[in-house]
Amino acid sequence: MPTLAIVGAGPGMGLAIARTFGRNGFQVALVARNQDKLTNLVAQLEEEGITAAGFTADVSDRSSIVAAFDAVKTHFGPVDVLEFSPANSALPFATPTEVSIANLQPQIDFYIYGAITAVEQVLPDMLTRGSGTLLFTTGGSSINPSPMFANIGIASAGLRNWVYSLHAALAEHGIQAAHIAISAWIGKQPGAEPESIAPLYWELYSQRDQIERHFLAS
């Protein structure tokens, strides 16, 4: 059974993506900071007949990501699909004139260093197999700059740039890298429910003919 690992799993998009892949034959490794949240998510998925397990890690703590993926591999074996979509509302937003090293560095640690560390844990096995998928989620500011989220936009745009480079480097090895940008307040705008967005991830994975999807609320 193939394995999906979701970094930043939560009760919104993470759960919806887990359900989408789980209903298509995947077992699911959920990676997040809060053990109680993970326990609840695993229970929900297992009630629906989806094999799942939770693993604690803080995306800003690279050693904890390494430890979590070691545990994932012990429990499930190598990861077939990595989905990286962490969120941390505690990190400060900054407008363009407010951007500083102090408020930008945590966003870079979170988005870019976190993603790089997660990929380092799964890519060697994917290269050995000659197959695998790397999916990365950001907000819409990675594509269209938003003054309210200037520091986040710098980090997430950098992550998007790297995804494009990964795609160029890995496609010939049978590995897919793709990006999803979500320009919506998830769960707070009509049509932007997690269940409405999650199919985009399955389409990217199964069709493998696009590097990016941009979700815009209707």
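In my numbering, each number is its position in the sequence shown, counted from 1, plus 87. Heads up, the beta-carbon is just placed ideally off N, CA and C, and yes, glycines get one too.
1. For Phe180, name the three-state secondary structure that DSSP assigns.
2. How would you call Pro173, buried or exposed, if buried means at least 16 neighbouring beta carbons within 10 angstroms?
3. Given Val209, which residues of its chain have a CB within under 8 Å of its CB, disregarding the five upstream and five downstream residues?
4. Taking Cβ to Cβ, would you say Pro234 is nearer than 7 Å to Thr182?
5. Mind reading off the beta-carbon distance from Ser229 to Ala268? Whole number of angstroms is fine, and I expect it under 8 Å.
6. Does Ile152 pass the burial test, meaning 16 or more other C-beta atoms within 10 Å, or should it be called exposed?
7. Is DSSP giving Ile239 helix, strand or coil here?
8. Of all Cβ atoms in chain C, is any one closer than 7 Å to the Cβ of Val206?
9. Compute the Euclidean distance between the alpha carbons of Ala304 and Gln276, then round it to the nearest angstrom.
10. Going by CA-CA distance only, name the one from Ala244, Asp212, Arg216, Gln297 that's closest to Gly226.
11. When you compare only the Cα positions, how much space is there between Ser283 and Gly109?
12. Output the boundary residues of the beta strand (DSSP E) element that contains Val115.
13. If you draw a straight line from the C-alpha of Ala105 to the C-alpha of Ala285, how long is it?
14. Would you kindly check if the distance between the Cβ of Ala264 and the Cβ of Leu253 is under 7 Å?
To lay it out plainly:
1. coil
2. buried
3. Ala92, Phe156, Pro165, Val166, Leu169, Gly219, Leu221
4. yes
5. 5 Å
6. buried
7. helix
8. The structure shown contains no chain C; it is built from a single protein chain.
9. 7 Å
10. Ala244
11. 16 Å
12. 114 to 119
13. 9 Å
14. yes
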